[in-house]
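The sequence shown: position 147 = 146 (numbering that gives the first Met the number 0), numbered continuously.
Here a beta-carbon is modelled for each residue, glycine too, at the ideal position from N, C-alpha and C.
Keep in mind that this is a model prediction, so the values were computed, not measured.
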Amino acid sequence: MNERNIRMTGVVGRPVAHSLSPTLHEFWLRRAGEPDRYAPLHVEADDLERVLLTLPMAGFVGVNVTTPHKERAAALCDRLSTTAAAIGSVNTITYEDGALIGETTDGFGFLENLRASVANWSPAGRTVACLGAGGAARAVCAALVEAGATEIRIANRTADRAESIAAAAPATMRVAAWPPSADFWSGADLIVNMTTLGMDGGPTADAAFALPDRLDGVVATDLIYAPLETPFLASARRRGATIVDGLGMLLHQARPGFRRWHGFEPTVDAETRAAVLAAS
Ligand code: NAP
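The following block contains the structure:
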């Protein structure tokens with residue numbers, strides 16, 4: 000801690016100006032009357048190691064890590080949580096007695112968002128159909144396996160990336176063709192878009208989002224939160240699915256780091272959501 004007893008925290012990325020994490024953490028801090036701060040830190044790849052090792056000297060107790068530094072940051076940590084070690088990626092670093100402790104909280108945020116949004120919903124025993132096999136998909140699939148999902152189907156444009164995720168739990172995960180056929184969605188309890196398709200200003204893909212006519216009893220979620228109702232979610236809603244947007248995942252994934260750095264659990268509620276939405 001620095002001379003004013005202010006715990007410094009932040010998010011390290013490139014780019015980072017678009018990140019909603021500063022708004023979220025500062026909202027929780029101001030609401031609790033804490034003087035601690037959270038800063039956006041634009042860091043080039045070549046500078047990552049020096050920056051991560053130097054931040055504690057400026058009063059930093061921890062940082063979030065975002066694109067494109069999550070894998071490199073994991074390699075720089077002194078200790079990793081079991082999941083972070085398994086997927087080779089961190090989004091949360093805590094400084095403890097000079098050591099960098101890394102963890103990944105995207106999977107936690109994904110599951111907490113579903114638990115908070117859908118009454119009595121649990122992944123245990125469920126069949127899940129996922130589009131995408133990037134870094135976030137790796138974390139979410141690991142969390143779904145850990146939480147007891149019995150079948151996870153993955154379709155990704157680049158099959159190798161899906162194969163690599165599925166190899167971690169071959170009894171539960173299997174790779175399907177891209178774009179997925181109607182069979183891919185059949186019998187799934189949870190359907191998820193983990194690609195970047197449908198982000199504001201980016202491409203979408205009607206072929207990949209060709210859902211069955213009816214999705215009654217199915218939960219549909221998207222990791223994208225801008226827009227809140229993505230093309231994937233809009234299509235699923237029209238077919239009768241229960242929709243969970245990606246903003247809740249962003250809010251919940253921030254809780255473990257915040258708790259570690261400031262010593263109390265932040266609450267995700269309507270006020271939190273409104274504060275973050277106002278900044279987006
Ligand atoms: P990533 O590692 O770059 O993965 C991108 C994924 O999108 C890959 O599966 C990629 O397929 C697919 N993709 C991209 N362009 C495509 C196209 N034109 N056609 C078909 N597939 C395409 O990204 P990530 O870190 O996993 O993030 C994925 C999404 O999740 C992003 O929108 C990110 O903002 C969001 N996210 C949200 C949260 C949250 O808290 N809500 C947290 C983390 C991430 P290939 O493998 O074939 O390239």
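{"Asked": "Beta-carbon spacing of residue 89, residue 73 below 7 Å", "Found": "yes"}
{"Asked": "Three-state class that DSSP yields for residue 7 in the structure shown", "Found": "strand"}
{"Asked": "Nearest-angstrom Cβ-Cβ length linking residue 5 and residue 46, presumed shorter than 8 Å", "Found": "Rounded, the Cβ-Cβ distance is 24 Å, inconsistent with contact."}
{"Asked": "Buried versus exposed call for residue 56 [16 or more other C-beta atoms within 10 Å across all chains shown]", "Found": "exposed"}
{"Asked": "Per-residue DSSP class, three states only, for residue 208", "Found": "coil"}
{"Asked": "Distance between residue 258 and residue 232 (C-alpha atoms, nearest Å)", "Found": "31 Å"}
{"Asked": "In chain order, each beta strand (DSSP E) run of at least 3 residues that lies wholly inside the segment 157-215", "Found": "172-175 and 189-192"}
{"Asked": "Secondary structure of residue 152, DSSP reduced to three states", "Found": "strand"}
{"Asked": "N- and C-terminal bounds of the beta strand (DSSP E) containing residue 92", "Found": "91-95"}
{"Asked": "DSSP beta-bridge partners of residue 12", "Found": "41"}
{"Asked": "Any 3 or more C-beta pairs closer than 8 Å across the segment 91-104 and the segment 247-256", "Found": "yes"}
{"Asked": "Short Cβ contact (7 Å threshold) for residue 224 with residue 246", "Found": "yes"}
{"Asked": "Collapsed DSSP secondary structure at residue 62 in the structure displayed", "Found": "strand"}
{"Asked": "Limits of the unbroken alpha helix (DSSP H) element including residue 50", "Found": "47-53"}
{"Asked": "Stretch pair the segment 136-150 + the segment 212-221: three plus CB contacts closer than 8 Å", "Found": "no"}
{"Asked": "Distance, residue 202 Cα to residue 97 Cα", "Found": "43 Å"}
{"Asked": "Contacting residues, own chain, Cβ-Cβ under 6 Å from residue 175 (five flanking each side not counted)", "Found": "152, 154 and 183"}
{"Asked": "Residue 100 - containing beta strand (DSSP E), residue span", "Found": "98-102"}
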